[in-house]
Structure formats: C-alpha cells, structure tokens
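Structure record follows, encoded as structure tokens.
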Amino acid sequence: MPPAITAEGLVKRYGDVVALDGMDLSVPEGTVFGLLGPNGAGKTTTARILTTLLKPDAGRATVAGFDVVAEAPRLRAHIGACGQYAAVDDHLTGAENLEMVGRLYHLGTRSSRRRARELLERFDLTGAADRPVRGYSGGMRRRLDLAGALVADPPVLFLDEPTTGLDPRARASLWDVIAGLVAGGTTVLLTTQYLEEADRLADTIAVVDHGRVIALGTADELKDDLGGDRVEVAVTDAAGLEAVRRALAPLAAGEMRVDAAALRLTVPVGDGAASLTAALGRLAAEGVTVRDAGLRRPTLDEVFLTLTGHRSGELVTAEEEAR
Amino acid sequence: MNALQMTFADGATITKRNILKIRRAPDLLGGVITLPIVFVLLFAYVFGSMIELPGMSYAEYLIPGVFVQSIVMGAQITGYTLTQDLQKGIFDRFRTLPMAPSAVLVGQTVGDIVMNVTSIVTMALMGLIVGWRIHTAPHEAVLGFLLLLLFAYAFSWVNATVALALRKPEVFNNIVTILSMPLVFLSNAYVDTTRLPEPLQTVAEWNPVSVVIQAARELFGNTSAAMPAPDAWPLQHAVPAALLWSLLLLAVFAPLAVRLYGRAVSR
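Quick note, the sequences are listed as chains A and B, same order.
Residue numbering for the first sequence follows the numbering used here, beginning at 100 and increasing consecutively.
Residue numbering for the second sequence follows the numbering used here, beginning at 1076 and increasing consecutively.
Written as structure tokens, this is what we have:
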C-alpha cells in the first residue's frame, strides 16, 4: 500500500529565515505520525504545506496520492485539518459552524445537518450546539474545531498542535477523543511540542529541528536512545550538591547534570523505580540531607539536548519571526 | 459539480454565514444606520442653512451626495470584516476545504448588500424628513436606487482589494479613510465642480462618485434648469456613465481581490 503522506526535500524560506530545510516524511496509511519539536522547528510550516495552505519553495509532497501543489483542489476533498488557532466562527453556533463546513465539502443540506448533529454528540457539545461559539471555553472550541476537520470523514487528518494552550484537564479529554479517532483507521499527522502527547498518540515520532527530521522512531525507541528515566534530587545547600553527586555517581547511566542555581541534580538511570530506591538508600547511607527526590521521564528539552547539543528553549523561532 | 455551480453554491453558503454574522453582531449594523443619520442631519442643517441654490432647495441637491458618501464610507465594513477574519483561523479552514476560491469574497460582498440596503433605506427616510423629495416616475426612482446599490456592490470589491493588500484592521482603516476622503470631497457631492480650478475640475468631473451622484440626481429629479450639468461627457451622460463606472470597478477589482485572497491567506 502506498504511503498516505510523502514529502521529499521540502524547503520553505521566509526572507533570510529558513523554516524548512529539506523535510522528508513518509507516513503509512492508517498510522499516527507525530512531528515533535519546539516552536520554530518547522512543524506548522510542514502541516501548512501538506494541507495546501502554503507552496513549498522546493521539494515535493503528496497526500492521499495527490500532489500538494499541482492537484491541490482535488486533494482538499480527502483531508481534514485543524490548526493551533481554532478555526471556528465566533458569531455562528456550534451546529451552524459544522453545517457550513459540510456544505462547503458539498455533502448537501440534509447530510450536512445530520453530520453536524452526529459530531456534536460525539464531541460532547450537544448542550451547546445552538449557542454562538463566542461563549465557548477554550476546550470546547478546540473540540468543535476538531469536529470540523472530521465532517467529511476524511482518510487523512492533520492536527497542528491540537492541545497547545489548553489546561491539563481539557488536554487529557482531547487526547481521549483523538485516540478514539485513530482507532477508526484514519491516517493522522500530528504536530506537537509535548513529548507526552506524541508518546500517547503517535505510532511513529519524527523529532524536528531547524526545518528537518533529526530522529525518527517509536516513542520507546527514542527514549531508549536517551538512556531511559532520570532520578532528580534537590538539596538545601551547595555542599549537599557535591555530596549527592559523589553518592549517586555509580548509578549514572549517562552524564549527570548539575543545576547549581536551583540546587538540583539530574542522573540518567538504567532501570526506573529500582534505581530510585537504590539512590535513596545510598543518600541515606551517606547521611546527605535531601529536600526532594523523584523519578521522571525525559523531557523534550532533554531529547533535544541529547540529539542536538542545544536546548529547545534556546532555538530561534523562525515561524514566529516570519509571522 | 462544475466550477460555476460550485461558485454559486459556495458563495451562497458563505453569504448565509455573513448574514447570520450581521444579525448576531448588531454593532456593525448600528454603524451602518447611524453614519447616514449623522451625515444627513449634519449636512442638511449645517450647510443647508448657509447655502442657497438657484431653482431648488439645498436639501434636494445634497441628499444624493450624502447617499453616495455613505456608500463609499460604509463599504469600509466589507474590508474591515475581511481583515478581522484574516487575523483568525477561519480562512485557514476555508482554504483547506474543496470550495470555490472566490466564494469567501462573493459571500462577503453579497452579504454586505444587506448592509447597503439598510443604509440606503435609512438615508432615504432621513432625507424625506429634512425635505428631500423624489420628482420622477416610480420606475426611474427604482432605477436610481438600483444604481446606488450596484455602485455600493462594486465599491465593496474595491475595499475588499485594499483590505487583502493591507491585511491588518488598523492599517486598513487608516489607509482607506485617507483614500475615501478625496474621492468624496473632490466631487460634486457638496460643491459645484465648475468653480474648481483645473486640473481638479477634470478630476472631479470624471470621478465615479460625481458621476453616480449626478445619475442619482437625474433619476430622482433633484435637478434644476438653473443649474445645468457641467459640460463633461460623464456628467452629460450620467446614468450610462455610472453604470459603466460600476461595471469597470467590478471587472477590475473582483478578479484582483480573488487573487489577493489566495495570496493573503497562504503565508
């Protein structure tokens, strides 16, 4: 079966800023592909090219077998897209928004109306269906936006940072909705800056930096590359920091990171919870006073530090600058 | 569905959206109603009390000018709404849908006809209150109103083009006001163009605003034998010239706006 989405050497420049620098992708049908990276890495630019909103300066891409430039009008009947700014009309009600989208997909008046009601129910918006969107919460708007992308039941779906700016509860509920969709066999391209989100939803993750893919694999593969979990210890003074470093050095599976300002030390460890128990035992044996200690997963920052040698927060935000 | 059917069907869908928006955001409609009321009262009573015309009242002369001025100023709403939509994500959604590329602008401008009808009716009523009268046969008067509406529609496209070129609501408001002012005041709306120095006189005589005002005056019978139309072709043949101007504006600005729309949203 041919891939649902392909991209070869996509390049996009905004003046001197290179937003995409040879982006290659191949997404098999029926899978969820996560584009993970910080702001300005080129995720949104990629999504905008694949959804025909932007033309690439070089390279080519296909979605559902159609070329994104030459066959853009025909391609649009086969995709659904929702962006990071909820694309809904404030003055229309939830139902009117979805009916309008249905009619613009040329589903006909009756089917558009029926489809709108179905989706409102599925996204738990029935109670608000006939209220103008102006009064919706952020989470409700995102759910309506996502519903809009699904009106034509498209085989390929693009979700550009679907949960950015949402509170943790709204994010978790949107994740459940997306996970449900994916079970239905739709091909999804998801962009996100949250490792946890990619981890939760994507079959394959491409880590993106400076407009190109720098690592590709499943969530587990990427994390294994990073050396697994981290034990993090906070102390009360600088002397304690040194004592902790000495006590935990034998457990470190990689380079320890010492944050002198925050009086905090991070140790990559091999086997999760057992390593935390061992670490606490060693600290007790050495008589070191600890303010806080815990086990956590690698963060996106650490993925970047490992893969690129620089932290994600320090990246130039090309897309933001270009806007 | 072929391309033409799609343009109509999608244009109708977006028109419906824009009419719903007008109903739900009464502030826009409020502006469309208050602007002409203020113009009519201000010009009729401030200037009307000072200016004497041979053979007719100043109100009769003035009201067709106020009609066209309100149309030119009111058309800013088309552009302003577009620049506001550009700031939000809704155009991105439209652009990923398999719809006609012209539909958003067709829907916007056709929806704004509702605004223009409201504005023209308000002005006509205000005009009647301050002493304006129609002296022609009903079919000529109807033609007068239709001509005003056609010019308003064409001018919506002019504003749509400026809006899509400038993109930001604040910038658009500033620039379009600067552009509209000379268009309205370098015309026969309030003054006799024959008393302007050259080359201003020629500009004023060929100005589409002058032509449409002269056509409206003729179709409503707000003319006087003591004040003949200036000896310039567009003013001597005001009704066909107004029609030509409106069609010319549409022929130039509608395709231009559609092209700019495609570019404005794909950045």
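Glycine included, every Cβ here is placed at the ideal spot set by N, Cα and C.
Chain-ordered neighbours of B:R1092 on chain A, where CB pairs are closer than 7 Å: The sequence position of residue 1092 of chain B within the second sequence is 17, counting from 1. Chain A residues near B:R1092: D188, L191, M199.
Using a Cβ-Cβ cut-off of 9 Å, state whether B:S1321 counts as contacting chain A. Counted from its first residue, the second sequence places residue 1321 of chain B at position 246. Chain A, which has no Cβ nearer than 9 Å to the Cβ of B:S1321, makes this no.
Return yes when the Cβ of B:A1178 is within less than 9 Å of the Cβ of B:G1086, no when it is not. Translated into the one-based positions of the second sequence, residue 1086 of chain B becomes position 11. Translated into the one-based positions of the second sequence, residue 1178 of chain B becomes position 103. Yes, they are a contact pair.
Neighbour flag for A:R175 against chain B, beta carbons, 9 Å: Translated into the one-based positions of the first sequence, residue 175 of chain A becomes position 76. Chain B contact via Cβ: present.
Output the distance between the C-alpha atoms of A:L414 and A:D120, rounded to the nearest integer angstrom. As a first step, residue 414 of chain A must be located in the first sequence, where it is residue number 315. As a first step, residue 120 of chain A must be located in the first sequence, where it is residue number 21. A caution first: A:L414 carries a pLDDT of 38, below 50, which makes its placement in the model unreliable, though a value can still be read off. A:L414 and A:D120: Cα-Cα distance of roughly 15 Å.
Does DSSP classify B:M1076 as helix, strand or coil? Locating residue 1076 of chain B in the second sequence gives position 1, counting from the first residue. In this structure, B:M1076 counts as coil in the three-state DSSP scheme.
Three-way DSSP call (helix, strand, coil) for B:S1255 in this model: Working through the second sequence from its first residue, we reach residue 1255 of chain B at position 180. Residue state, collapsed to three classes: helix.
Measure from the C-beta of A:L152 to each C-beta in chain B and report whether the shortest distance is under 9 Å. Locating residue 152 of chain A in the first sequence gives position 53, where the first residue counts as 1. So yes, A:L152 belongs to the interface.
Any C-beta of chain B sitting closer than 9 Å to the C-beta of A:G158? Sequence index remark: in the first sequence, residue 158 of chain A carries index 59 (1-based). No, its Cβ sits nowhere closer than 9 Å to a Cβ of chain B.
Counting only the same chain and skipping the five closest in sequence on each side, list residues whose C-beta sits under 7 Å from that of A:A180. The residue labelled residue 180 of chain A in the question sits at position 81 within the first sequence. Closer than 7 Å at Cβ, skipping near neighbours: T150, A248, F257.
Along the beta strand (DSSP E) that carries A:K111, what are the first and last residues, could you check? To locate residue 111 of chain A, count along the first sequence from 1; it is residue 12. 104 to 113 is the span of the beta strand (DSSP E), which, as asked, contains A:K111.
Residue ranges of each alpha helix (DSSP H) within the segment 1210 to 1277 of chain B, 4 or longer: 1213 to 1241, 1244 to 1260
Keeping to the same chain, check which residues put their C-beta closer than 7 Å to that of A:R240; ignore five residues upstream and five downstream. Within the first sequence, the letter at position 141 stands for residue 240 of chain A. Once the five neighbours on either side are set aside, the close Cβ partners of A:R240 are A185, V187, V232.
Of the residues A:R344, A:A361, A:E354, the one placed nearest A:G369, counting alpha carbons only: What you label residue 369 of chain A is simply residue 270 of the first sequence in a count that begins at 1. Out of A:R344, A:A361, A:E354, A:E354 has the C-alpha closest to the C-alpha of A:G369.
Check whether the segment 194 to 202 of chain A touches the segment 271 to 280 of chain A, taking contact to mean three or more Cβ pairs, one atom from each stretch, closer than 8 Å. no
How many angstroms separate the CA atom of B:V1113 from the CA atom of A:A194? By 1-based counting over the second sequence, the position of residue 1113 of chain B is 38. By 1-based counting over the first sequence, the position of residue 194 of chain A is 95. The straight-line gap from Cα to Cα measures roughly 39 Å.
Considering A:M239, what are the terminal residues of the alpha helix (DSSP H) in which it resides? Reading the first sequence from its first residue, position 140 is the one you call residue 239 of chain A. Segment 237 to 249, the alpha helix (DSSP H) holding A:M239.
Endpoints, alpha helix (DSSP H) assigned at A:R345: Counted from its first residue, the first sequence places residue 345 of chain A at position 246. Counting along the chain, the alpha helix (DSSP H) containing A:R345 begins and ends at 337 to 347.
For a contact defined as C-beta to C-beta under 9 Å, what are the partners of B:K1243 on chain A? For the purposes of this step, residue 1243 of chain B is taken as residue 168 along the second sequence, with counting starting at 1. None at all; the shortest Cβ gap to chain A is about 12 Å.
Evaluate B:L1203 with the Cβ neighbour count: other Cβ atoms within 10 Å of its Cβ, from every protein chain shown; 16 or more gives buried, anything less gives exposed. As a working mapping, residue 1203 of chain B is identified with position 128 in the second sequence. B:L1203 is exposed by the Cβ-count criterion.
Pull up the CB-CB distance for A:T285 and A:I304, whole angstroms please, since I reckon it's below 8 Å. In the first sequence, residue 285 of chain A corresponds to position 186, counting from 1. In the first sequence, residue 304 of chain A corresponds to position 205, counting from 1. Not quite, the Cβ-Cβ distance comes to about 18 Å (not below 8 Å), so this is no contact.
Classify A:F132 as helix, strand or coil using the three-state DSSP reduction. The residue labelled residue 132 of chain A in the question sits at position 33 within the first sequence. Strand.
Contacts around B:A1300, its chain only, beta-carbon distance under 8 Å, and the 5 residues preceding and following it disregarded: By 1-based counting over the second sequence, the position of residue 1300 of chain B is 225. Closer than 8 Å at Cβ, skipping near neighbours: G1130.
Mapping the DSSP letters down to three states, classify B:R1098 as helix, strand or coil. Along the second sequence, one-based indexing puts residue 1098 of chain B at 23. The answer is helix: DSSP assigns B:R1098 an H, G or I state.
At a cut of 8 Å, does the segment 165 to 176 of chain A reach the segment 1145 to 1152 of chain B through at least three beta carbon pairs? no
Take the Cβ of B:R1098 as the centre, count every other Cβ of all protein chains shown within 10 Å, and call the residue buried at 16 or more, exposed below. On the second sequence, residue 1098 of chain B is found 23 positions in, with the first residue counted as 1. Looking at its Cβ environment, which holds fewer than 16 other Cβ atoms inside 10 Å, B:R1098 is exposed.
Entirely within the segment 269 to 304 of chain A and at least 3 residues each: give me those beta strand (DSSP E) ranges in chain order. 286 to 291
Please list the terminal residues of the continuous alpha helix (DSSP H) segment that includes B:P1309. By 1-based counting over the second sequence, the position of residue 1309 of chain B is 234. Per DSSP, B:P1309 belongs to the alpha helix (DSSP H) from 1308 to 1311.
Note the first and the last residue of the continuous beta strand (DSSP E) segment covering A:R198. On the first sequence, position 99 is the one that residue 198 of chain A refers to. Going by the sequence as given, residue 198 of chain A is Glu instead of Arg. Taken as a continuous stretch (DSSP letters only), A:E198 belongs to no beta strand (DSSP E), being part of the alpha helix (DSSP H) at 193 to 203.
Using a Cβ cut-off of 9 Å, which residues of the segment 224 to 238 of chain A contact any Cβ in chain B, in chain order? P231, R233
Could you tell me which residues DSSP pairs with A:G54 in its beta bridges? Chain A is shown from 100 up to 422; residue 54 of chain A falls before or after that span and cannot be answered.
Tell me which residues share the same chain as A:F165 and place their Cβ nearer than 6 Å to its Cβ, disregarding the 5 neighbours each side in the sequence. On the first sequence, position 66 is the one that residue 165 of chain A refers to. The answer, listed in chain order, is R173, L174.
Ordered list of beta strand (DSSP E) runs contained in the segment 144 to 200 of chain A, each at least 3 residues: 157 to 162, 178 to 181
Please confirm if the segment 1139 to 1148 of chain B is in contact with the segment 1303 to 1322 of chain B, defined as three or more CB-CB distances below 8 Å between the two stretches. no
Check the Cβ-Cβ distances between A:I277 and every residue of chain B, and say whether any is below 9 Å. On the first sequence, position 178 is the one that residue 277 of chain A refers to. Not closer than 9 Å to any Cβ of chain B, the Cβ of A:I277 fails to qualify, so no.
Excluding the five sequence neighbours on either side, which residues of its own chain have a C-beta within less than 7 Å of the C-beta of B:S1145, listed in chain order? By one-based count along the second sequence, residue 1145 of chain B stands at place 70. Answer for B:S1145: L1110, P1111, F1114, S1194, M1198, listed in chain order.
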